[in-house]
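Novice:
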Amino acid sequence: MKNAITKLDNYHILGARSVKHSLSIMGDRFCNTPVVDSNVMCAVDEITNVQRIDLHGCTVMPALFDTHTHGAVGVDYTTSSGEQIEDMLPYYTAHGITSILATIMTQDVDIMCRQLDTCAQLMGNNRTVKGIHLEGPFLSAQYKGAMEEQYLQPISINLFDRLFNASKGYIKQITIAPELVNAPQLTRYATDLGITVSLGHTGATVEQAQLCVDEGAKCVTHMYNAMDKCFDKGKLLDYYINNDELYCELICDGQHIPPPTLNRIAHSKCQFKTILVSDSIMASGVPYGTYSIAGQTVTVSEKGVFLANGKRAGSNSNNFANLLMYCQYTDTLLQDAIKCATINPAQMLGYEQLGSLSEGYYADFIVIDNQYNLLATYQNGVCVYKSI
Ligand SMILES: [Zn+2]
Numbered sequence: 007m008k009n010a011i012t013k014l015d016n017y018h019i020l021g022a023r024s025v026k027h028s029l030s031i032m033g034d035r036f037c038n039t040p041v042v043d044s045n046v047m048c049a050v051d052e053i054t055n056v057q058r059i060d061l062h063g064c065t066v067m068p069a070l071f072d073t074h075t076h077g078a079v080g081v082d083y084t085t086s087s088g089e090q091i092e093d094m095l096p097y098y099t100a101h102g103i104t105s106i107l108a109t110i111m112t113q114d115v116d117i118m119c120r121q122l123d124t125c126a127q128l129m130g131n132n133r134t135v136k137g138i139h140l141e142g143p144f145l146s147a148q149y150k151g152a153m154e155e156q157y158l159q160p161i162s163i164n165l166f167d168r169l170f171n172a173s174k175g176y177i178k179q180i181t182i183a184p185e186l187v188n189a190p191q192l193t194r195y196a197t198d199l200g201i202t203v204s205l206g207h208t209g210a211t212v213e214q215a216q217l218c219v220d221e222g223a224k225c226v227t228h229m230y231n232a233m234d235k236c237f238d239k240g241k242l243l244d245y246y247i248n249n250d251e252l253y254c255e256l257i258c259d260g261q262h263i264p265p266p267t268l269n270r271i272a273h274s275k276c277q278f279k280t281i282l283v284s285d286s287i288m289a290s291g292v293p294y295g296t297y298s299i300a301g302q303t304v305t306v307s308e309k310g311v312f313l314a315n316g317k318r319a320g321s322n323s324n325n326f327a328n329l330l331m332y333c334q335y336t337d338t339l340l341q342d343a344i345k346c347a348t349i350n351p352a353q354m355l356g357y358e359q360l361g362s363l364s365e366g367y368y369a370d371f372i373v374i375d376n377q378y379n380l381l382a383t384y385q386n387g388v389c390v391y392k393s394i
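Our numbering numbers the first residue of the sequence shown as 7 and each following residue consecutively.
(1) Would you identify the three-state DSSP class for F326, choosing helix, strand or coil?
(2) Return the CA-CA distance between Q57 and A10, expressed in angstroms with no decimal places.
(3) Using 8 Å as the cut-off, can you tell me whether the stretch 129 to 138 makes contact with the stretch 297 to 315, which would need three or more C-beta pairs spanning the two stretches below that distance?
(4) Count the other C-beta atoms from every protein chain shown that fall within 10 angstroms of the C-beta of K392, then say buried if there are 16 or more, exposed otherwise.
(5) Closer than 8 Å to a non-hydrogen atom of ligand 1 - does that hold for the CB of I305?
(6) Examine ligand 1 and report whether any of its heavy atoms sits within less than 8 Å of the Cβ of E141.
(7) Rounded to a whole number of angstroms, what is the C-alpha to C-alpha distance between P68 and A210?
(8) Terminal residues of the continuous alpha helix (DSSP H) containing G88?
(9) Less than 8 Å between the CB of H74 and some heavy atom of ligand 1, yes or no?
(10) Leaving out five residues before and five after N45 in sequence, what residues of the same chain have Cβ atoms less than 7 Å from its Cβ?
(11) Going along the chain, which unbroken runs of the beta strand (DSSP E) with 3 or more residues stay wholly within the stretch 259 to 299?
(12) Helix, strand or coil for N9, going by three-state DSSP, please let me know.
(13) Report yes or no: do the stretch 81 to 101 and the stretch 110 to 118 share at least 3 C-beta pairs separated by less than 8 Å?
(14) If contacts are defined as beta-carbon pairs under 8 Å, then L186 and C225 qualify, I think. What distance do you get, rounded to the angstrom?
(15) Count the other CB atoms within 10 Å of the CB of D116; is the residue buried (16 or more) or exposed (fewer)?
(16) In chain order, which beta strand (DSSP E) runs of at least 3 residues are fully inside the stretch 156 to 187?
(17) What is the C-beta distance between F364 and S323, in whole angstroms, given that I count them as a contact (C-beta under 8 Å)?
(18) Skipping 5 residues on each side, what residues in its chain have a beta carbon closer than 7 Å to that of N16?
(19) Counting C-beta neighbours from all protein chains within 10 Å, is the total for E141 16 or more, i.e. buried, or is it exposed?
(20) Is the distance from the Cβ of K309 to the Cβ of G151 below 9 Å?
(21) Does DSSP put C236 in a helix, in a strand, or in coil?
(22) Out of E255, T348, G387, which one is the CA nearest neighbour of I180?
(23) With which residues is F144 paired in a DSSP beta bridge?
(24) According to DSSP, simplified to helix, strand and coil, what is I394?
(25) Output the boundary residues of the beta strand (DSSP E) element that contains C254.
(26) Which residue comes first and which comes last in the alpha helix (DSSP H) that contains V219?
(27) Hey, M229 and H207: beta-carbon distance below 9 Å or not?
(28) Buried or exposed: H3, going by 16 or more other Cβ atoms within 10 Å of its Cβ?
(29) Tell me whether C333 is buried or exposed, calling it buried when 16 or more other Cβ atoms sit within 10 Å of its Cβ.
(30) Would Q385 pass as a contact of T12 if the rule is Cβ separation under 9 Å?
(31) Any heavy atom of ligand 1 closer than 8 Å to the beta-carbon of M67?
(32) Exposed or buried, what is A343 when buried is set at 16 or more other beta-carbons lying within 10 Å of its beta-carbon?
(33) Cα separation between P293 and V79?
(34) Run through DSSP, which three-state label would T305 get?
(35) Could you name the residues that DSSP lists as bridge partners for T417?
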């Protein structure tokens with residue numbers, strides 16, 4: 007069997023786990039191959055050719071995974087067509103993101119089912135959408151955030167089944183409020199289907215949250231937002247921060263969490279269990295102004311995205327910008343923070359070959375300069391974005 011190898015030259019590595027030789031790509035995966043001149047020695051018998059990409063001393067790091075994004079540039083997973091969504095996906099790779107969970111917010115159940123079906127049909131047609139994150143409809147009315155109260159639902163396994171079937175099994179994460187009746191039962195049921203149950207939009211007690219954790223819940227949806235913000239011992243926030251079994255999403259757009267608070271959280275919460283998300287809505291990547299999300303009017307300004315009632319409604323950020331802000335506000339090196347937007351979400355969701363520059367992993371990586379500008383994005387070994 008003949009094989010072609012692409013070998014990266016003249017670069018620095020950020021976030022590598024075990025690159026021993028040089029960074030090379032065979033097909034859509036990284037392969038570690040000792041290279042002597044242009045002769046490549048590896049397990050396969052024959053190599054037809056070796057292509058070289060000179061990265062001019064720039065830095066390579068794994069491409070990002072955003073597990074909580076509702077859309078961008080005018081497109082919304084909760085309302086838009088499959089065609090509109092596919093046209094929008096290059097927005098992510100232009101920001102260094104090669105994997106996302108299309109996040110559907112709480113809406114009329116028929117609309118949710120229609121959009122779950124729409125997103126399910128995208129699977130396999132593109133390499134960016136890895137699955138679906140369902141944010142609701144089993145959430146607390148008190149902490150509903152931007153969700154419309156009329157669409158919140160009591161927990162019902164039958165309703166969950168209807169939603170899961172509409173997604174053709176592509177729901178990979180669901181956000182539920184643990185204080186709702188039957189939350190532990192739904193947690194066990196969804197966990198057994200391989201879904202990551204994430205606790206959020208909640209006014210639960212620690213005991214109620216613990217019951218769901220006991221049944222398999224392993225994440226907290228945008229921790230600190232849409233929940234009680236008290237750090238006292240025995241409170242939910244303190245429990246989440248100190249539970250090293252629980253992953254926690256953080257929206258690091260400089261607005262959802264005040265920077266001093268973010269700094270406090272970052273230095274308390276285990277970094278291997280921290281997941282940076284954008285919670286971006288369709289107003290991400292568009293000029294400031296007034297827009298509509300799932301029938302609700304929102305205003306986008308330098309302060310973020312707000313509903314007419316003054317409530318914050320997701321963000322207009324992207325996860326690459328958020329990663330850099332996390333580093334800035336928490337005084338963390340990029341090489342340490344990078345895992346929070348790459349391998350941590352991949353491992354939580356069970357994508358074992360995503361999020362690292364190691365051998366056998368998908369060749370999803372980005373190239374940045376020493377000012378942290380994104381120069382190029384590679385997905386499955388193919389350049390899908392170049393800044394110039
Ligand atoms: Zn959200």
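Glycine included, every Cβ here is placed at the ideal spot set by N, Cα and C.
Specialist: With the structure as the only source:
(1) helix
(2) 8 Å
(3) no
(4) exposed
(5) The amino acid at residue 305 is misidentified as Ile; the sequence shows Thr. Checking the Cβ of T305 against ligand 1 gives no.
(6) yes
(7) 36 Å
(8) 88 to 94
(9) yes
(10) In this prediction, N45 scores a pLDDT of 40, lower than 50, which makes its location untrustworthy; the coordinate-derived value is nonetheless stated afterwards. Excluding sequence neighbours, N45 sits near nothing in its chain.
(11) 280 to 283, 295 to 299
(12) strand
(13) yes
(14) Not a contact, Cβ separation roughly 17 Å.
(15) exposed
(16) 177 to 182
(17) A small correction: the amino acid at residue 364 is Ser; Phe does not occupy that position in the sequence shown. Going by Cβ atoms, the distance from S364 to S323 rounds to 29 Å, so no, they are not a contact pair.
(18) D60, L61, H62, G63
(19) buried
(20) no
(21) coil
(22) E255
(23) DSSP lists no partner for F144.
(24) coil
(25) 253 to 257
(26) 212 to 220
(27) no
(28) This structure leaves residue 3 out entirely; the chain is present only between 7 and 394.
(29) buried
(30) no
(31) no
(32) buried
(33) 9 Å
(34) strand
(35) The structure shown does not extend to residue 417, since the chain is modelled only from 7 through 394, so no value can be given for it.
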